[in-house]
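For the sequence shown, counting from 1, position 117 maps to 108 in our numbering; every step adds exactly one.
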Amino acid sequence: MPSFDFLAVNFLIYAVIGYLSEVLYCSLGKRRFVNRGFLYGPYCPIYGFGALMIIIFLKPFKNNFVIVFILGLILASILEYFTSWALEKLFSIKLWDYSRYKVNINGRVCLLNSTLFGLMGLVGVYVIDPFLSPIIMDLDPQLLHFLGVFVVFIFTLDTTVSVIHLKSFQRSLILLREKAEDIKNMDSAERKAMLLEERDRIRNYAFLKARHFISANPSLNARSAEIKLELDAFRDYLDQRAKIRREYKSALKENRENYKKSRTR
-8 MPSFDFLAVN
2 FLIYAVIGYL
12 SEVLYCSLGK
22 RRFVNRGFLY
32 GPYCPIYGFG
42 ALMIIIFLKP
52 FKNNFVIVFI
62 LGLILASILE
72 YFTSWALEKL
82 FSIKLWDYSR
92 YKVNINGRVC
102 LLNSTLFGLM
112 GLVGVYVIDP
122 FLSPIIMDLD
132 PQLLHFLGVF
142 VVFIFTLDTT
152 VSVIHLKSFQ
162 RSLILLREKA
172 EDIKNMDSAE
182 RKAMLLEERD
192 RIRNYAFLKA
202 RHFISANPSL
212 NARSAEIKLE
222 LDAFRDYLDQ
232 RAKIRREYKS
242 ALKENRENYK
252 KSRTR
């Protein structure tokens, strides 16, 4: 059985590789940079855990690439399904949703992604691990231990901050839905104006906490219908902010160009 420090370093490397793969795959589809992941750092833990499962369980089947592919597909799908289920139970929010794909299980896993995971399992077993493991094994034991402790510290810190921010965002969505209902039922124009101003403050606060989750998880959804409605409204709010920002930058650029032209006359 590999040492904890060896597994921790492997976890970080594969988590970074997974993050880069996700960013490349999604950015090419969107034709713009898409920062992926639940955490703030440049890594996706699900790939790290998936790689550890491959290293521990699939190496004995290395002589049969078909078994490696099938087991990699199954193990990765189980991990992705469980992760989606756990996140939804904890936060009432779905970070990804594959319901639009023809072959999927409850929107948590789909055949396309599972097949890609199986192919990545082949790459991990036959290409990356034979190259990477000897390098990690040859590291000085003290350095390896330091790296293992560092990985645990970084991921613990990042996970704690991410969970706090996501829970805060979840509470903000509930508050926004409550404010929307209050505004709808309010007769006084003065009270409505006050509630609208309060709702804008909550949205600005939620924006600071949640812009990473929204941008990194385009299919972010909610289990609760009320939260889902407010999440859609919040997306519209973010789109409006982005549109205003683009218009401001365009106007600023135009003013600069006009100023330069006036200086050259």
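C-beta atoms are modelled at their ideal positions from N, C-alpha and C, and glycine is treated no differently.
- Annotated three-state conformation of Val94 is coil, per DSSP.
- The region 51 to 70 makes no contact with the region 15 to 25; the number of CB pairs closer than 8 Å stays below 3.
- For the pair Ile37 and Glu71, the CB atoms are nearer than the 8 Å cut-off.
- The continuous alpha helix (DSSP H) containing Tyr38 extends over residues 36 to 48.
- Per DSSP, Leu102 is one residue of the alpha helix (DSSP H) stretching across 102 to 114.
- Separation of the CB atoms of Leu148 and Val0 is rounded to 17 Å, and the pair is thereby denied contact status at 8 Å.
- Between the C-alpha atoms of Ala6 and Tyr34 there is a straight-line separation of about 5 Å.
- The criterion of a C-beta distance shorter than 8 Å is not satisfied by Gly115 and Asp(-4).
- Assignment of Lys53 by DSSP, reduced to helix, strand and coil, places it in the coil class.
- Residue Met44 holds the alpha-carbon nearest to the alpha-carbon of Gly109 among Met44, Phe137, Tyr92, Ile84.
- For Ile165, the closest of Arg236, Ser83, Thr150 by C-alpha to C-alpha distance is Ser83.
- If you look at Ser124, you'll find it in the alpha helix (DSSP H) that goes 120 to 128.
- Listed in chain order, the non-local C-beta contacts of Tyr89 below 6 Å within the same chain comprise Asn95, Gly98, Cys101, local neighbours out to five positions each way being set aside.
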